[in-house]
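In mature numbering (1 follows the signal peptide of the UniProt record, and there is no 0), the protein residues as written are -25 to -1, 1 to 1104. Ideal Cβ positions, reconstructed from N, Cα and C, are used throughout, including at glycine. Since the model is a prediction, treat every value here as computed from it, not as a measurement. Working notes, structure below.
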Amino acid sequence: MLQQVNVAIAALLVLALLLVSSSNASVFASRSFVSLTYNIQLVEEEVDALLKWKSSLINQNHSLLSSWKVNSTASTTSPCKWYGINCNREGSVDEVNIAGLGLQGTLHKFNFSSFSNFVSLDLSSNELFGTIPSRISILSKLTHLDLSFNKLSGHIPPEIASLTSLLYLDLSQNQISGSIPREIGNLYSLTDARFYINNLSGPMPSSICNLTNLTSISFYENQISGVIPRDIGRLSSLTFLELSTNSLSGSIPASLTNLTSLDTLYLYNNQLSGIIPRDIGRLRSLIGSDMSTNNLSGSLPASLTNLIRLDDLSLNQNQLSGIIPRDIGRLRFLTTFDLSRNNINGSIPTSICRLASLAWLSVYGNQLTGTIPRDIGRLRSLTILQLFQNQLTGSIPASVGNLRNLTRLSLFQNQLTGSLPIKINNLTQLKVLDFAENKLSGYLPQHVCQSGVLQEFLAGYNYFTGSIPRSLRNCTSLRVLGVENNNLLDNITEAFHVYPHLFRLNVAFNMFYGELSKNWGDCQNLTAISFTWNNISGKIPSEIGKLKSLSALYLTSNNLVGEIPEELFKLSSLIYLSVCNNQLSGKLSSAVGMLSSLQDLDLSRNMFSGPIPKQLGECSKLLSLNLNSNNFNGNIPPQIGNLDSLQILLDLSYNELSGELPSALGKLSKLINLNVSHNKLFGSIPSSFDQMLSLTTVNISYNQLNGPLPNIKAFKDASIDAFKNNKGLCSNNFRGLKPCNSPVVIGKKEPKHNKLVLIILLPLFGSLFLLFILLAILFRLRQISVRNMALGNQPGVTNTGRNLFSICNYDGRIVFEDIIEATEDFNAKYCIGTGGYGSVYKAGLSTGQVVAVKKLHVSGEDSEIFDIKSFESEIHALTEIRHRNIVKLFGFCCNLERKISFLVYEFVERGSLKNVLCDGEQAVGFDWIKRLRFIRGTANALAYMHHDCVPAIVHRDISSNNILLDSEYEAHVSDFGTARILKPDSSNWTSLAGTYGYVAPELAFTLKVTEKCDVYSFGVIILEVLMGRHPSEIIKLLSQILHSSLSSSNVGQNIRLGDILDQRIGAPPAAVQNEIMCTVKVGFSCLHANPLTRPTMEEVSAELSRSAQNNTSLPKSFETITLAYLLML
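See below:
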């Protein structure tokens, strides 16, 4: 029985266990069913979201997205095998990577809420556009987001800060704008952030310094402004920092040196200032560092040499000073070292020769002195060596020949001497070899192009002798060849051959002889040729007419004969053509009118004959036309008056021209210099000449002209020499001529009907005059009323839209209106001078102050490219200039809608030097002591501009029109910087700088404006002040004496110094004779044809000061001193 009970109990227990087990299984099954149902719903939702987004794409049928479709045979569709999709273990989408498919569309149809398991989203390298939806913040598990290389725009949504799991964020290479949201500082997990190449603006948020896990951050090529956050040093894990090509300002934070893991630091192309942190040497992991193109100053920290892993050190285009650290040789892994365009001084340290890995060494554009290190040849990995534009001396080391990997060797504009090392012929990989503008001598390298890869060979402005190396003759790879201003002697016919890639050739100022080869016509890429000042004979080959790209042809001062080939007139790209000072003859072809691009034509000092072709009037871009000293005859064609661009010069002097002056010449409103002297012109000067307000110099002497002179400044200011030997000129404003109401000029007899005419006309004119006065008063009252209304409606700001009003210490808008009123909207009666960049007006302000206002010539074309920001910064820089001999610039006014732009200067009483020298009374008051003081003051001003201003200011247009005199005859240089403001890119083929008669000779070919151009112009000024007139004859004489190819030992021997001085103020007293002699000698040194042999303005200023304090007696009697004697001193 007991056994039965036990069995029953056991059975009950088994039954109970079965019941419990069945119950648990049921619960588990129920839960699994619910989970499975949820996952199916989630996957279906993800599938639906992906397909809907795909359908919104413009190119939804992309072949790689063909797998994105519903499976019609299965009950459910899984996206896990679709292209670019990855799923987790539950089958839910956690990664989408469809980069590089070129997909076109937006993200607006992407339902981010359907993807709760997303950890990675990569849509990079497509063509997606539109904005980044703020709904993206719902992807809370996202660790990787890459939307780079698309066309996304709009702002970065602040909601992106909700993605707190994010490790990698890449929005680079889009069109995203606006500021970086400060909320980005909440992405504490972020390790890599990339925002480069967008349109982001505003400052870097300081909250970015909270992202202490960041290892890489890149913001380059945006418009980010403000300062680098001060606490950037908190990003202790950072290895890569790229902030280049933005508008960052301020200094580099000292805390940056705490980033000891940093291996890449790129800050280039910003506006950073201040010093390089002295502890930068703590960044011992640094490999690449580029801080170029900023405004960094101070010296290079000595700790730089602790960065022993450094591969790239680029600090070019800053304002760094001091020396190169002596231990720079410790950086043994350095491959790039660029310190160019700074103010570094001292010598190149010899330790630099230990940088065996160095491939790029560039320290040009500094103030380095001393010699090139003797062991420079140890840098056998070097491919680029650029030491140009320094003050290096000594010879080129022979070890340079060991640098067999060099492709570029640039040593120009130094003071290197001696001959070239023979081993330079070993540099067979050279593409650029440039040692121009030094003091090198001997022969050119004989085997410089033996590998046939040389592209640029520049050896100009040295003392090389001998012939052109035969390896250069056969160097067909050449693109630029320049050997100008040397003493080379060779047959031009045989020295050169055919260069299919050559685009610039300059062999000027040598002793080449022979005839020009027809082969030049096969150099089809030539754009510029200069054979100036050689002994070349024969005819101009017609084959040059095949050079369709030619823009400049200079054949000046040779022995060429024959006519200009007709083929040359088909060169529609030709801008500069000069054949002056040859023996060319024949008639000038009417085909000259086909030169549609021509800006400068100089045919002077030849033997051309016949009439001037009227087709010259079709060369509508001409700026300068010089036909003097030929045998042209007939009338001056009136079509010349159609050359409305003619500005620099019209010189028809010393010909056989006859007839009357065409009235059409009066249309040349921009013309500055006119010379028609020494012809056979007759009749009166047309009244249309009164419109030539830009004219500053004029010469009509030695003709048969009569009648009144035009009533314009150029004729009033000219000397009597400009009018002498004519038939019957008169003027009521010029003392040297008879007045026009003189009985000699006007007959005594009057027609009887004159009285009747007067009786009729006087009352009529009186009535008209009263009516005119009444209308003028009414107009003036209306003008004042309108302006008051306009001013009443304007907000009190000084800069609205594109209208700029900025006058230091004044309300710019009030001054603008005050000047308009004071000059009666720039009425000609207030004009006191006209130049190439504008007209100057005298304006009396309502405050009682008198100012000079230069109204700028801004054409429609100029106004379209007018850079307001650049204009403002230039002006504000110039207003900071302070020097007693420089005219103070108060500021500027600019209203582009009204096309009015002008500069406001202090008013200087006596006006320009030209005015004073042309005014007999003022010239007499301008005695020798005042003249010498004037010269010293001008020199001091230019020395200040060249050597004390940072950056240096090159005036570009020193002339007697641009130096003013105050009541005490003190010098005041004006118009400084005007060219740079208006034409910041004017160092090119199509721009001319300076005033005719003052321009340095090298500009005729290179158009490269430097400080030495100002030095030349100052040399002209010295002679002009002492002679009382422009020294053109003396300058021509000097060029003959100084030019090495002419042995004119007797030239200048009989011209005494005293004879060329201004006779109006008498002989100079003994007390200043020595100073005058020294000053003339300085002037001669400034006028050297080779700019390298001219002194600097600092040297000129110092020499003039010494001569003023030197009381030593003359070496010989002042009356016996000749020009030749001064040149030999």
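- Three or more Cβ pairs drawn from the region 276 to 284 and the region 247 to 259 lie within less than 8 Å of each other, which places the two stretches in contact.
- Ranking 303, 317 and 318 by CA distance to the CA of residue 311 puts 303 first.
- Contact check for residue 994 and residue 1053: beta-carbon distance about 14 Å, past the 8 Å limit, so the pair fails to qualify.
- Unbroken beta strand (DSSP E) runs of no fewer than 3 residues, entirely contained in the region 372 to 397, are found at 383 to 385 and 392 to 394, following chain order.
- In this structure, the straight-line span from the alpha carbon of residue 347 to that of residue 249 is close to 30 Å.
- CA-to-CA, the gap between residue 570 and residue 919 works out to about 43 Å.
- Remark: C-beta atoms of residue 419 and residue 450 do not approach each other more closely than 8 Å.
- The secondary-structure analysis by DSSP pairs residue 1083 with nothing; it has no beta-bridge partner.
- Secondary structure of residue 324 (DSSP, three-state): coil.
- For residue 913, the enclosing alpha helix (DSSP H) begins and ends at 903 to 922.
- DSSP, read as helix, strand or coil, puts residue 199 in strand.
- Scanning its chain for C-beta atoms nearer than 6 Å, with the 5 sequence neighbours on each side dropped, one finds around residue 479 the residues 455 and 503, in chain order.
- Sorting 131, 139 and 129 by C-alpha distance to the C-alpha of residue 116 places 139 at the top.
- The residue among 385, 996 and 513 with its C-alpha nearest the C-alpha of residue 558 is 513.
- Closest option to residue 91, judged by alpha-carbon separation, among 532, 83 and 113: 113.
- By the neighbour-count criterion, in which 16 or more other beta carbons inside 10 Å mark a residue as buried, residue 1080 falls on the exposed side.
- Listed in chain order, the non-local C-beta contacts of residue 32 below 7 Å within the same chain comprise 78, 79 and 80, local neighbours out to five positions each way being set aside.
- By the Cβ rule, the region 535 to 549 counts as touching the region 566 to 585, because three or more pairs are nearer than 8 Å.
- Taking each of 402, 144, 119 and 102 in turn and checking the Cα distance to residue 126, the smallest one comes out for 102.
- In the DSSP annotation of this structure, the continuous segment of the alpha helix (DSSP H) that includes residue 448 starts and ends at 445 to 448.
- Contact between the region 852 to 868 and the region 889 to 905 is absent: fewer than 3 CB-CB pairs across the two stretches fall below 8 Å.
- Residue 572 sits away from residue 532, with the two beta carbons spaced by 8 Å or more.
- Under the three-state reduction of DSSP, residue 495 is assigned to helix.
- If only uninterrupted beta strand (DSSP E) runs of at least 3 residues are considered, those enclosed by the region 857 to 885 are 864 to 870 and 875 to 881.
- Residue 689: member of the alpha helix (DSSP H) spanning 688 to 692, first to last residue.
- Taking a contact to require three or more Cβ pairs closer than 8 Å, the region 1069 to 1086 and the region 909 to 923 qualify as touching.
- The shortest CA-to-CA distance from residue 483 to any of 490, 82, 463 and 476 is the one to 463.
- For residue 551, the enclosing beta strand (DSSP E) starts and ends at 551 to 553.
- DSSP places residue 436 in the coil class of the three-state scheme, outside both helix and strand.
- DSSP lists 346 as the beta-bridge partner residues of residue 368.
- For residue 677, the CB contacts under 8 Å within the same chain, skipping 5 residues up- and downstream, are 652, 653, 654, 699, 700 and 701 in chain order.
- Measuring C-alpha to C-alpha distances from residue 939 to each of 863, 1002, 977 and 877 identifies 863 as the nearest.
- The secondary-structure analysis by DSSP pairs residue 586 across a beta bridge with 608.
- Note that the region 972 to 991 does not touch the region 871 to 881; fewer than 3 beta-carbon pairs, one per stretch, sit closer than 8 Å.
- When DSSP states are grouped into helix, strand and coil, residue 238 belongs to the coil group.
- Given a length threshold of 3 residues, each whole run of the beta strand (DSSP E) inside the region 263 to 322 is given here in chain order: 263 to 265, 270 to 274, 287 to 289, 294 to 296 and 311 to 313.
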